[in-house]
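Chemist: In my numbering, the protein residues as written are 2 to 421.
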Amino acid sequence: MPLFTLGINHHTAPLSVREQVAFHAERVHQALTDLTRCKSVQEAAILSTCNRTEVYFATDVPEAASQWFADYHCLAHHEIEPYLYTYPERDAVRHAFRVASGLDSMVLGEPQILGQMKEAVRVAEEAGTLGTTLHKLFQHSFAVAKEVRSTTAIGVNVVSMAAAAVRLAERIFERIADQRLLLIGAGEMIELCARHFAEQRPKQVLVANRTVERGRALADRFGGTAIRLEELGERLSQFDIIVSCTASPLPIIGLGMVERAIKMRRHRPMFMVDLAVPRDIEIEVGDMDDVFLYTVDDLAQLVASGLESRQAAVVDAEAIIAERVDGFLRWLATRGTVPVIRALRDAAERSRRHEMEHALKLLARGDDPARVLEQFSLRLTNKFLHAPTQALSQASGGRDDLPSLAAQLFHLHVESHLGE
Numbered sequence: 002m003p004l005f006t007l008g009i010n011h012h013t014a015p016l017s018v019r020e021q022v023a024f025h026a027e028r029v030h031q032a033l034t035d036l037t038r039c040k041s042v043q044e045a046a047i048l049s050t051c052n053r054t055e056v057y058f059a060t061d062v063p064e065a066a067s068q069w070f071a072d073y074h075c076l077a078h079h080e081i082e083p084y085l086y087t088y089p090e091r092d093a094v095r096h097a098f099r100v101a102s103g104l105d106s107m108v109l110g111e112p113q114i115l116g117q118m119k120e121a122v123r124v125a126e127e128a129g130t131l132g133t134t135l136h137k138l139f140q141h142s143f144a145v146a147k148e149v150r151s152t153t154a155i156g157v158n159v160v161s162m163a164a165a166a167v168r169l170a171e172r173i174f175e176r177i178a179d180q181r182l183l184l185i186g187a188g189e190m191i192e193l194c195a196r197h198f199a200e201q202r203p204k205q206v207l208v209a210n211r212t213v214e215r216g217r218a219l220a221d222r223f224g225g226t227a228i229r230l231e232e233l234g235e236r237l238s239q240f241d242i243i244v245s246c247t248a249s250p251l252p253i254i255g256l257g258m259v260e261r262a263i264k265m266r267r268h269r270p271m272f273m274v275d276l277a278v279p280r281d282i283e284i285e286v287g288d289m290d291d292v293f294l295y296t297v298d299d300l301a302q303l304v305a306s307g308l309e310s311r312q313a314a315v316v317d318a319e320a321i322i323a324e325r326v327d328g329f330l331r332w333l334a335t336r337g338t339v340p341v342i343r344a345l346r347d348a349a350e351r352s353r354r355h356e357m358e359h360a361l362k363l364l365a366r367g368d369d370p371a372r373v374l375e376q377f378s379l380r381l382t383n384k385f386l387h388a389p390t391q392a393l394s395q396a397s398g399g400r401d402d403l404p405s406l407a408a409q410l411f412h413l414h415v416e417s418h419l420g421e
């Protein structure tokens with residue numbers, strides 16, 4: 002079945018739309034099972050991050066996946082259709098290679114997407130929805146990403162989301178060293194933020210996480226402490242900088258919670274960064290006078306710095322990807338011939354064994370070995386050539402291309418005898 006990619010990302014949709022179609026990590030396995038239960042979709046993998054939600058799949062009916070995507074998220078198809086893209090085979094392969102290489106990221110060249118893509122593959126494998134074609138696609142994607150990063154400057158001068166968050170905080174506070182830092186979540190993005198903020202030596206670091214053990218493991222690395230998410234409300238007012246990135250399907254910091262915190266702070270400003278999709282902090286919080294709230298989309302301008310120095314690398318990377326796309330499509334084209342090749346070899350092997358048994362019987366009864374070998378080779382040659390010879394003899398019945406195909410298959414140099 003042909004390959005397709007269906008998706009929505011930061012290029013095509015704002016955060017308010019992207020968060021409606023994000024897949025919760027714990028539900029991806031079931032979503033894949035649900036999608037492939039539809040007979041028209043045989044292979045599938047889902048990549049869901051802050052900046053994109055994409056479905057890679059093999060089907061003869063791409064419209065079925067598009068409708069499933071809308072139905073799964075309880076949305077009318079016409080509501081999300083303006084933001085969706087569906088790439089057919091060649092474009093789907095090119096897109097996968099570009100995503101893995103960081104060329105389609107909000108932060109051009111950022112390396113985190115490669116790990117997220119590998120996790121998507123792992124989940125699809127566990128769900129049993131990663132067939133031969135998608136497996137090969139992703140293995141090629143990872144190989145291309147490695148080649149792009151090792152032979153171009155695409156990853157040079159990358160300004161990450163975490164670094165951008167620190168730069169924004171420095172615009173609000175004169176010295177981060179005088180501020181208290183609250184990190185909500187304990188995943189990869191929060192770890193990156195912790196690392197960048199820790200370089201500024203904040204006065205206090207606190208990690209709030211659903212599982213306090215994981216939060217404590219992260220906090221210990223940066224000289225901080227940890228609490229459960231349930232304690233967030235009573236501790237929020239103590240912190241000047243709040244960075245949140247959890248997998249919660251609903252906001253965990255509401256307007257009322259922040260209003261109480263600001264009142265207790267006597268209206269001292271709070272700097273908040275919400276890196277989650279769906280959002281962890283209610284959007285109305287951003288309207289408060291004493292709160293500076295930024296989302297992943299708000300960071301887009303800052304992370305674009307250093308882009309100019311990597312434009313030449315983009316050209317080099319695109320050239321690598323174009324070449325590798327052609328290579329993958331050649332492999333894909335050969336997939337249809339595999340059953341024919343296997344059947345051809347099986348038929349030849351059966352003929353060989355049959356003639357070998359016949360020759361051994363003749364030798365066992367004392368026949369001349371040279372004569373037996375001659376007969377063996379003639380019989381085997383006749384068997385191999387019988388079907389193609391018969392087909393060529395009947396070529397006038399509508400397959401005028403058979404002679405030229407036979408010449409190509411058997412590397413024949415045919416001389417024309419017309420007019421002799």
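Quick reminder that beta carbons are idealized off the backbone N, C-alpha and C, glycines included.
1. Roughly how far, in whole angstroms, is the beta-carbon of S49 from the beta-carbon of A23, given that I think they are within contact range, below 8 Å?
2. Using the three-state DSSP reduction, which class does L131 fall into: helix, strand or coil?
3. In the DSSP assignment, what are the bridge partners of S49?
4. What does a CB cutoff of less than 7 Å around R266 pick up in its chain, not counting 5 residues either side in sequence?
5. Please specify which runs of the alpha helix (DSSP H), each continuous and at least 4 residues long, are wholly inside the stretch 66-103, giving them in chain order.
6. Closer than 8 Å is the cut-off here; do at least three beta carbon pairs connect the stretch 237-256 with the stretch 180-198?
7. Please list the segments of the beta strand (DSSP E) lying wholly inside the stretch 271-347, counting only runs of 3 or more residues, in order along the chain.
8. So the beta strand (DSSP E) G257 belongs to, where does it begin and stop?
9. Once you ignore the five residues that flank H12 on each side, which residues in its own chain have a CB closer than 8 Å to its CB?
10. To the nearest angstrom, how far is it from the Cα of S352 to the Cα of F143?
11. Taking just the CA atoms, how far does I253 sit from F174?
12. At which residues does the alpha helix (DSSP H) containing T212 begin and terminate?
13. Out of A178, M107, R380, Y73, which has the shortest C-alpha to C-alpha gap to E358?
14. For A195, is the classification buried or exposed, using 16 other Cβ atoms within 10 angstroms of its Cβ as the cut-off for buried?
15. Is the CB-CB distance between G110 and V159 below 7 Å?
16. What is the DSSP secondary structure of A125, reduced to helix, strand or coil?
17. Alpha carbon to alpha carbon, how far is N10 from R176?
18. Thinking just about the alpha-carbon of each residue, which of A164, F272, I191, A277 is nearest to the one in M289?
19. Tell me which residues share the same chain as V297 and place their Cβ nearer than 6 Å to its Cβ, disregarding the 5 neighbours each side in the sequence.
20. Quick one, which of W69, V18, A125, L85 has its alpha-carbon nearest A45's?
21. If you compare alpha carbons, which of V415, P63, M107 is closest to S161?
22. Take R99 and list the residues in its own chain whose beta-carbon comes closer than 7 Å to its own, dropping the five residues that flank it on each side.
23. Can you tell me the Cα-Cα spacing of Q376 and F385, whole angstroms?
24. Can you tell me which of the three DSSP states L109 falls into?
25. Between the Cα of A301 and the Cα atoms of A128, A163, E350, Q31, which residue gives the shortest distance?
26. Could you tell me whether the Cβ atoms of Y4 and A66 are closer together than 7 Å?
27. Compare the C-alpha of E319 against each of R150, L364, G188, K264 and name the closest.
28. Looking at C-beta atoms only, is the number of pairs between the stretch 248-264 and the stretch 226-235 that lie closer than 8 Å three or more?
29. Can you check whether the CB of H96 is closer than 7 Å to the CB of Y84?
30. Give me whichever residues DSSP pairs with V42 in a beta bridge.
31. T34 and A121 - do their beta-carbons sit closer together than 7 Å?
32. Going by alpha carbons, who is nearest to A71 out of E82, D61, V62?
33. Under 7 Å between the Cβ atoms of V206 and R229?
34. Which residue from E27, S17, T134 puts its Cα closest to that of A427?
35. When the Cα of I132 is compared with those of V157, Q180, H414, Y57, which residue comes out closest?
36. Where do the N-terminal and C-terminal ends of the beta strand (DSSP E) with I9 fall, by residue?
Modeler: The structure says:
1. Taking 8 Å as the upper bound for CB-CB distance, S49 and A23 are in contact here, some 5 Å apart.
2. DSSP places L131 in the coil class of the three-state scheme, outside both helix and strand.
3. Paired residues: T54.
4. Contacts found: S238.
5. Under the rule that a run must span 4 or more residues, the alpha helix (DSSP H) segments found entirely inside the stretch 66-103 read 78-81, 90-102.
6. Contact between the stretch 237-256 and the stretch 180-198 is present: three or more C-beta pairs spanning the two stretches fall below 8 Å.
7. Listed in chain order, they are 271-275, 292-296.
8. Counting along the chain, G257 falls outside any beta strand (DSSP E), though it belongs to the alpha helix (DSSP H) covering 256-265.
9. Around H12: D105.
10. Their Cα atoms are separated by approximately 43 Å.
11. Pairing F174 with I253, the inter-Cα distance amounts to about 25 Å.
12. Counting along the chain, T212 sits inside no alpha helix (DSSP H), nor does DSSP assign it H or E at all.
13. Ranking A178, M107, R380, Y73 by CA distance to the CA of E358 puts R380 first.
14. Its Cβ being crowded by 16 or more others within 10 Å, A195 is buried.
15. Yes, they are a contact pair.
16. It is helical.
17. C-alpha separation (whole angstroms): 35 Å.
18. Of the candidates A164, F272, I191, A277, the one whose C-alpha sits nearest the C-alpha of M289 is F272.
19. Hits under 6 Å: C51, L276.
20. Looking at the Cα atoms, A125 is the closest of the given residues.
21. Among V415, P63, M107, the Cα nearest to that of S161 belongs to M107.
22. Cβ within range, chain order: D105, I322.
23. Separation of Q376 and F385 (C-alpha to C-alpha, rounded to the nearest whole angstrom) is 14 Å.
24. In this structure, L109 counts as coil in the three-state DSSP scheme.
25. Looking at the Cα atoms, A163 is the closest of the given residues.
26. It should be noted that the sequence gives Leu, not Tyr, for residue 4. Contact flag unset, no.
27. Of the candidates R150, L364, G188, K264, the residue whose Cα lies closest to the Cα of E319 is R150.
28. As far as the Cβ criterion goes, the stretch 248-264 touches the stretch 226-235, which means the pair count is three or higher.
29. Y84 is not a Cβ neighbour of H96, given a cutoff of 7 Å.
30. Its beta-bridge partners are T60.
31. Result no, Cβ atoms of A121 and T34 do not sit closer than 7 Å.
32. Ranking the options by Cα distance to A71, first place goes to E82.
33. Their beta carbons are not under 7 Å apart, which means V206 does not touch R229 by this criterion.
34. The displayed coordinates of the chain run from 2 to 421. Any statement about residue 427 would go beyond what the structure contains.
35. This sequence places Gly at residue 132; Ile is not what is there. If we check each option's Cα against that of G132, Y57 comes out closest.
36. I9 -> beta strand (DSSP E) spans 4-10.
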